[in-house]
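Keeping their order, the protein sequence lines are chains A and B. Counting in numbering that gives the first Met the number 0, the first sequence runs from 0 upward without gaps. Counting in numbering that gives the first Met the number 0, the second sequence runs from 0 upward without gaps. Ideal placement from N, C-alpha and C gives every residue a C-beta, glycine not left out. Input: a single structure, listed below in structure tokens.
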Amino acid sequence: MKAAVIVFPGSNCDRDVRRAVSESLNTAVDMVWHEDEAFAPGTDLVILPGGFSYGDYLRSGAMAARSPIIKAVREHADRGGLVLGICNGFQILTETKMLPGALLPNTSLTFICRRCHIRVERTDNKFTAGLKEGEILQFPIAHHEGLFFLPDDELKILEDAGRVVFRYADPDTGRAGAEYAPNGALNGIAGICSEKGNILGLMPHPERATIAHLNGGTDGIRFWRSIAEAFKERGAC
Amino acid sequence: MDYKSAGLSDSEYERINELLEREPNSLETQLIGVMWSEHCSYKSTKRLLKTYPSTGRYVLQGQGENAGVVDVGEGWGLAFKVESHNHPSAVAPFQGAATGVGGIIRDIIAMGARPTASMDGLFFGDPSLKKTENLSKGIVEGIGAYGNAVGVPVVGGKTFYSPCYTDNPLVNAFCAGFVRLDKMASSQTAKSGDFAVLLGSKTGRDGIAGASFASRELDEDSKASKPQIQIGDPFEEKLLIECCLDLLDKDLIASMQDMGAAGILSSSSEIAHKSGCGIDINVEMIPLREKGMEPWEIFLSESQERMLLIVEKDKLDPVFALAAHYGLDCAVIGNMTDSGRYRVYDRGELIADLPTSILGNAPEAVWPSAAPDDSGSGSADRAALASKDPESDLLSLISCHNGRSKHWIWEQYDSMVQLHTIEGPGSPVAAVEVPDTKRACLLTMEAEPYKCRTDPYIGASETMALSLRGLWVAGAEVLGMTNCLNFASPEVPEKFYELEQSIKGLADTCRDLDCPVVSGNVSLYNETASGQIYPTPLVVTAGLVKDRDSRLPSGKASSGDSLYIVGGPCGSLGASRYQVMKEGGPKGVTVLPDHDNEKAFRERALMTAENGAASSGRAVAGGGLAIALANEVLASGCGLSVKTDISVPPEEILFSEGGARAVYAVPAEKEKGFEKIWKGFPCIKAGTFGGTVYEWQDMFRIDIARLKKAFMEGSC
């Protein structure tokens with residue numbers, strides 16, 4: 000599997016994602032500058048990393064959604080290619096409308112960085128097929144705008160379509176939902192996917208739970224492997 | 000401009016006339032006035048700072064650069080420094096703190112290092128006041144907003160509350176970064192013929208003469224000082240980091256200096272002076288944010304996110320190309336000469352012409368020193384200190400603002416970005432990995448204002464020793480320290496005495512215990528009409544473990560482990576947290592660190608970590624033994640039952656502070672080895688970890704859940 004990480008000028012998790020993916024999947028990762036207009040031929044997975052793409056003084060991700068590389072991201076997704084948005088990457092995907100909803104400021108109105116638990120809600124997409132439905136993962140969060148929001152009727156459509164992939168959860172009881180969301184996300188939504196299941200956006204950072212000797216845990220390794228395994232079974236898109 | 004409004008004294012102005020053999024013009028007066036301000040010149044402390052030990056086996060760059068650098072092995076250096084941003088934060092907490100973070104990050108970039116870990120020393124006033132709540136909220140948000148966006152993790156810090164900081168909070172920003180030794184940058188390597196290039200933000204009217212603002216006490220006029228506060232743009236800073244590191248990687252710059260206090264003036268004159276050159280600057284070539292700025296405003300502007308690069312002629316094109324790639328403004332503003340003079344031209348007209356040495360060498364200010372008679376060094380009142388209810392005293396100590404968890408602060412900071420954090424905030428010793436190696440750098444930040452208040456020499460010595468003990472217990476070799484000296488006006492003899500004695504305490508301890516001082520910052524005039532701050536020297540000490548797995552962590556006690564207390568069971572209640580809680584203000588003195596004893600402790604602590612002879616360890620610090628153990632219980636989630644047969648009053652054994660002391664959790668099979676290591680040093684086996692209760696025979700018995708509530712929520 001060939002991966003590419005987009006580097007916006009204010010991205011700050013780009014190098015982290017590269018390290019996490021290359022160490023856990025033993026694969027080379029392309030770094031693609033935001034002013035570029037195409038990915039290297041044969042790119043399978045495009046990752047939009049966390050950070051503050053263009054400073055995000057306007058709405059988070061609003062300017063990035065209009066940057067040169069986004070056209071290539073859209074085309075890649077239209078061909079069925081994998082697109083993963085983490086944190087600011089998720090915000091950008093909602094701003095491009097490649098994923099529905101919006102990420103609003105946390106209910107605390109403060110930035111929150113801490114370890115946090117999410118439950119795997121669906122495995123019928125191209126990212127989580129290798130995980131178990133209902134299992135709890137520990138991925139850290141670090142954001143100021145992570146409250147996932149959609150109007151009620153659209154939220155129902157999203158839920159009914161089984162597109163909520165991750166929900167904030169209590170590791171002790173295994174329960175998930177709004178009451179466990181550190182940021183006030185509706186229905187405790189931490190990550191969602193596109194209709195075809197090839198675009199995934201999530202607020203928590205799997206790359207921070209990948210390097211064993213660091214302080215974020217190791218559950219991210221299983222997430223990366225799940226993407227790679229599902230990809231291997233399915234073959235290139 | 001008359002010299003008095005430029006901040007110059009009569010004698011200083013006379014000296015200038017002598018040196019120039021003429022009267023300076025108005026612009027020149029202004030330039031010299033700022034460069035001779037306390038903030039830029041360290042004129043009151045230069046002499047004292049020279050007493051610091053500055054060399055050591057790991058030191059690559061000591062004081063005098065943008066930051067110190069120590070060798071951490073395998074081709075890597077660690078650049079680090081701590082700097083104050085107290086005055087701006089008192090007036091505009093959010094922006095003041097944010098730009099403090101920005102400034103220290105640029106100091107690290109200026110050494111060629113990628114900023115990798117931040118820590119913040121925060122000193123807030125009376126926590127019951129709305130004012131303190133507002134200031135602390137703004138300061139914490141400002142630090143978070145800037146650091147989170149730039150992507151430099153906060154890995155630890157120190158927060159301390161005392162009413163002496165109510166009107167004058169302190170913000171001490173620390174940053175460290177890793178640099179490949181062959182890519183280290185310097186501000187002393189410019190040569191005649193090179194070009195001076197300004198990279199980053201355009202220059203505006205923000206923060207004009209902030210350096211002189213920081214060189215006097217805060218008064219009512221300070222509120223009208225808002226234009227002297229700078230506004231931060233972390234996005235621009237992030238671009239600067241990437242661009243500067245890219246420039247260095249491609250060997251495109253000869254020298255570099257960040258623009259902090261006194262902006263273009265100080266950066267350009269320092270680089271010329273330190274490199275032994277002259278410099279000509281053309282004021283009309285400096286990109287401006289607004290029209291109609293006077294030359295003095297341009298030179299003194301403290302607009303943020305600017306770096307001064309010194310570039311050889313044939314490298315200008317690639318430098319401009321790289322700046323454009325990152326979307327940064329870039330302009331040639333002058334050139335280095337061999338004239339030894341600092342010359343400013345405005346469209347060809349020479350408007351200032353000074354020897355660079357005059358700007359770089361302010362005359363020293365010598366202040367009289369006198370020991371105060373009201374420092375509270377008299378002994379504490381024994382009767383008032385008796386602990387009649389140890390359980391409630393313990394809960395009060397751990398739930399009070401200084402004792403409780405600071406997660407409300409550090410959860411607002413990104414502590415994990417960059418994937419280097421091994422041990423983050425909430426732990427007494429932070430740890431970050433050295434890139435691409437098994438090595439780790441460990442950091443401790445300490446300040447002991449109560450102890451410095453009652454005896455600045457002993458207090459500063461203990462502050463330094465504390466920061467070392469934390470590293471030793473974790474198993475780290477000490478690399479060096481950086482310090483931020485926060486004091487009141489040096490013009491008051493009793494206050495100058497505090498400054499002088501504190502520096503002496505730090506210097507003596509560092510010298511005897513082998514810790515070179517590699518960088519630092521002094522912030523004076525921390526006082527308002529309502530009073531002066533306690534002497535507050537803050538130190539950050541860096542250490543190295545060659546194998547991160549050999550680091551001895553804290554908070555890892557397991558059920559069944561035995562508790563060992565090493566070092567004497569008691570310190571002093573003088574100026575301890577417990578004493579202040581009982582008596583309302585610091586009284587009495589703490590224990591003066593005995594350096595032979597510290598060395599004996601060091602040797603054994605290092606061996607304990609190296610041999611893996613314990614599962615967890617922590618040095619005894621604020622709140623004493625009972626609080627150190629409470630913190631261990633909370634962090635490990637493991638109960639503890641303590642038994643000692645020492646016949647001293649409860650408060651002595653539970654809450655006294657000072658001295659080389661630590662607590663360890665030792666698994667049964669390692670007890671023999673542990674005891675062998677500590678032979679010849681006070682060491683007692685005093686209990687067992689396990690269960691859900693923290694108890695001390697005949698003194699208290701507290702459920703962990705209750706202890707946790709007190710610690711996390713501040714209520715009991």
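Minimum C-alpha distance to residue i - residue among the options
| i | options | result |
| --- | --- | --- |
| A/Pro-139 | A/Tyr-56, A/Gly-219, A/Gly-60 and A/Asp-43 | A/Gly-219 |
| B/Glu-476 | B/Glu-27, B/Tyr-57 and B/Gly-32 | B/Tyr-57 |
| B/Thr-443 | B/Val-139, B/Ser-4, B/Thr-158 and B/Gly-99 | B/Thr-158 |
| B/Val-472 | B/Glu-235, B/Leu-543 and B/Ser-395 | B/Leu-543 |
| A/Phe-230 | A/Thr-26, A/Phe-126, A/Ile-198 and A/Gly-183 | A/Phe-126 |
| B/Leu-551 | B/Glu-422, B/Tyr-344, B/Glu-656 and B/Val-647 | B/Glu-422 |
| A/Ile-68 | A/Asp-55, A/Asn-11, A/Glu-120 and A/Val-82 | A/Val-82 |
| B/Leu-244 | B/Ala-322, B/Lys-201, B/Ser-265 and B/Ala-5 | B/Ala-322 |
| A/Ala-64 | A/Leu-44, A/Ala-39, A/Asp-159 and A/His-33 | A/His-33 |
| A/Asn-25 | A/Gly-41, A/Arg-121, A/Met-0 and A/Arg-73 | A/Met-0 |
| B/Ser-36 | B/Ile-357, B/Thr-202 and B/Arg-288 | B/Ile-357 |
| B/Ala-97 | B/Gly-262, B/Ala-109 and B/Gln-229 | B/Gln-229 |
| B/Gly-672 | B/Lys-182, B/Glu-650, B/Ala-613 and B/Gly-137 | B/Ala-613 |
Simplified DSSP assignment, three categories, for residue i
| i | result |
| --- | --- |
| B/Trp-677 | coil |
| B/Thr-289 | Just to set this straight, residue 289 of chain B is Glu in the shown sequence, not Thr. Residue state, collapsed to three classes: coil. |
| B/Ser-561 | strand |
| B/Gly-155 | strand |
| B/Gln-500 | helix |
| B/Pro-455 | helix |
| B/Val-428 | coil |
| B/Gln-411 | coil |
| A/Cys-236 | The pLDDT assigned to A/Cys-236 is 48, lower than 50, so where the model puts this residue is not dependable, and the model offers no usable value. |
| B/Gln-62 | strand |
| A/Met-0 | coil |
| B/Ala-144 | helix |
| B/Cys-276 | coil |
| B/Arg-700 | strand |
| B/Val-33 | helix |
| B/His-86 | helix |
| B/His-406 | helix |
is_contact[residue i, chain B] using C-beta, thresh 9 Å
| i | result |
| --- | --- |
| A/Pro-170 | no |
| A/Ile-5 | no |
| A/Phe-110 | yes |
| A/Pro-139 | yes |
| A/Cys-12 | yes |
| A/Arg-221 | no |
| A/Gly-183 | no |
Any chain A beta carbon closer than 9 Å to residue i
| i | result |
| --- | --- |
| B/Tyr-2 | no |
| B/Lys-80 | no |
| B/Pro-233 | yes |
| B/Gly-326 | yes |
| B/Leu-562 | no |
| B/Asp-248 | no |
| B/Arg-24 | Residue identity check: residue 24 of chain B is Asn in the sequence provided, not Arg. Chain A, which has no Cβ nearer than 9 Å to the Cβ of B/Asn-24, makes this no. |
| B/Arg-617 | no |
| B/Trp-75 | no |
Near the ligand NAD: residue i beta-carbon under 8 Å from a heavy atom
| i | result |
| --- | --- |
| B/Val-196 | Among the components of this structure there are no ligands whatsoever, and the ligand NAD is therefore not found. |
- Query: Quick one: any contact between the segment 450–459 of chain B and the segment 527–535 of chain B, if contact means 3 or more CB pairs under 8 Å?
  - Reply: yes
- Any beta strand (DSSP E) of 3 or more consecutive residues that is wholly inside the segment 294–370 of chain B: 305–310, 329–336, 340–345 and 348–354
- Evaluate the contact criterion for the segment 167–181 of chain A versus the segment 92–103 of chain A: three or more CB pairs, one atom per stretch, below 8 Å. no
- Task: Please specify which runs of the beta strand (DSSP E), each continuous and at least 3 residues long, are wholly inside the segment 467–533 of chain B, giving them in chain order.
- Result: 476–485 and 516–522
- Message: Within 8 Å, do at least three Cβ pairs link the segment 431–447 of chain B to the segment 400–420 of chain B?
- Response: yes
- Query: Can we say the segment 27–35 of chain B touches the segment 289–303 of chain B, given the rule of at least three CB pairs closer than 8 Å?
  - Reply: yes
- At a cut of 8 Å, does the segment 548–564 of chain B reach the segment 507–521 of chain B through at least three beta carbon pairs? no
- Task: Just list the alpha helix (DSSP H) runs in the segment 126–163 of chain A, keeping only unbroken ones of 4 residues or longer that don't cross its boundaries, in chain order.
- Result: 151–159
- Contact the segment 6–16 of chain A vs the segment 193–206 of chain A: 3+ CB pairs below 8 Å: yes
- Task: State whether the segment 64–74 of chain B contacts the segment 143–154 of chain B, with contact taken as three or more CB pairs (one from each stretch) at a distance under 8 Å.
- Result: no
- Message: Taking 8 Å as the cut-off, does the segment 104–114 of chain B touch the segment 74–89 of chain B (at least 3 CB pairs, one atom from each stretch)?
- Response: yes
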